[in-house]
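Numbering of the sequence shown is given in the numbering used here, commencing with residue 38 and proceeding in unit increments. These notes concern the structure reproduced below.
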Amino acid sequence: MAKYSRIEVATVMKENGMVPLFFHSDIELSKKVLKACYDGGSRLMEFTSRGDFAFEVFGALNKYALAELPGMILGVGSVTDAAAASLYMQLGANFIVTPVLREDIALVCNRRKVLWSPGCGTLTEIARAEELGCEIVKLFPGDVYGPQFIKGIKGPCPWTSIMPTGGVSTNRENLKSWFDAGVTCVGIGSQLISSEILANKDFEGLRLKVQETLLTIKELRS
């Protein structure tokens, strides 16, 4: 069962401005990545469910977060159907992120008051997601649409909250272009938690990168 309601999760997403994305099959390494992000100031992590037995890794990670990292909100990404969403919610997922708009996922998440963020690519999809109760829409893949697309959406629909994923980096100018366009938060994967960091087990470097990125976002918003 989720520890945080969808409203609580949406609030933290907006406050933090960034959701790190990560997957690895090694549980102990994953714990260290999570701890580095937490120590860097992040209070969110999207565990991307892309490998065999990923649910086992997530279960262990969430137990670790609940026991050792107060206030850390774990969710799951790359979820493609309601059955998978239900499985992860049984393991305590606090939010569900999908690459596409799936109404079956909306129903099971809303039933449990768990935030779900569907991948959308048109204003029609975004409008349907909001009709289904979506708090924050995922723009995916973000680099295909870009900040100008978000500006276009926010014109007629200023109430829409958007999280681009894909095409977002930790570079200040890149972040500025997204936040100037009006995003609520951004999802960042390998541009934040790089293969080099994982290969070198540079967890201190990751902590600093998370800290610097969150500070940049705070400065841009002010």
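In this text, a Cβ means the ideal position worked out from N, Cα and C, and glycines have one as well.
Starting from the C-beta of residue i, find all residues in its chain whose C-beta is less than 7 Å away, skip the five residues before and the five after it, and write them out in chain order.
i	result
T221	M50, K51, I173, S198, I199 and M200
M38	G129
I163	C157, V174, I190 and T197
G179	P201, T202, G203, G204 and V205
L257	L212, K213 and F216
Who are the near neighbours of residue i in its chain, counting only those whose CB is closer than 8 Å to its CB and skipping five residues on each side?
i	result
L103	K40 and G129
V181	G158, G203 and G204
M126	M38, A39, I133, V145, C146, R149 and V151
L106	L71, K72 and Y75
K255	G54
E233	D239
Cutting at 6 Å between CB atoms, please list the residues of its own chain near residue i, excluding the five before and the five after it.
i	result
K150	S42 and R43
P184	S214, W215 and A218
N237	none
F240	K69 and A73
The alpha helix (DSSP H) that contains residue i, what's its start and end?
i	result
T135	Segment F132 to T135 is the beta strand (DSSP E) holding T135; no alpha helix (DSSP H) there.
M126	A119 to Q127
M50	R43 to N53
L71	I64 to D76
T161	L160 to E168
L103	A91 to E105
T60	The identity of residue 60 in the sequence shown is Phe, whereas the question assumes Thr. Counting along the chain, F60 falls outside any alpha helix (DSSP H), and DSSP gives it neither H nor E.
G189	G179 to K191
C146	E140 to R148
G88	Looking at the DSSP string, G88 is not in any alpha helix (DSSP H), and its letter there is neither H nor E.
On a Cα-Cα basis, can you pick out the residue from the options that is closest to residue i?
i	options	result
L81	G226, F216, G170 and F240	G226
S214	D239, A236 and I187	I187
D118	A143, P195 and T207	A143
A166	Y101, S79, N237 and L138	L138
N211	W196, Q228 and P195	Q228
M109	W196, G77, A120 and S123	G77
C74	R87, F59 and T85	F59
G123	V46, D141 and G179	Looking at the sequence shown, residue 123 is not Gly but Ser. That would be D141, whose Cα lies nearest to the Cα of S123.
T85	R209, E256 and H61	H61
E45	Y101, S79, N131 and P57	N131
E249	E233, A236 and S206	S206
G88	S115, E105 and L106	S115
N83	L251, L111, R244 and G170	Before going further, note that residue 83 is Glu rather than Asn in the sequence given. When each option's Cα is compared against that of E83, the closest is L111.
E168	S154, R244 and S232	S154
N208	S259, E241 and T253	T253
G192	R244, L160, L176 and G170	L160
S79	P136, I230 and P178	I230
L176	D239, C194, P195 and T135	T135
V11	V247, R258, I234 and S259	Nothing can be reported for residue 11: it is not among the residues displayed for the chain, which extend from 38 to 259.
A47	S232, L243 and V223	V223
Following the continuous beta strand (DSSP E) through residue i, name the residue where it begins and the one where it ends.
i	result
S154	L152 to C157
L176	V174 to L176
V113	I110 to G114
T85	L81 to T85
P201	I199 to P201
Counting only beta-carbon atoms, is residue i nearer than 9 Å to chain D?
i	result
L106	Protein chains in the displayed structure number just one, and chain D is not present.
With respect to 8 Å, is the separation between the Cβ of residue i and the closest non-hydrogen atom of the ligand GDP below this value?
i	result
T221	Ligands in the displayed structure: none, and consequently the ligand GDP is not present.
(message) Would you call the stretch 88-97 in contact with the stretch 51-71, where contact means no fewer than 3 C-beta pairs closer than 8 Å?
(response) yes
(message) Extract the residue ranges of the beta strand (DSSP E) inside the stretch 205-234, only unbroken runs of 3 or more that lie entirely within it.
(response) 223-225
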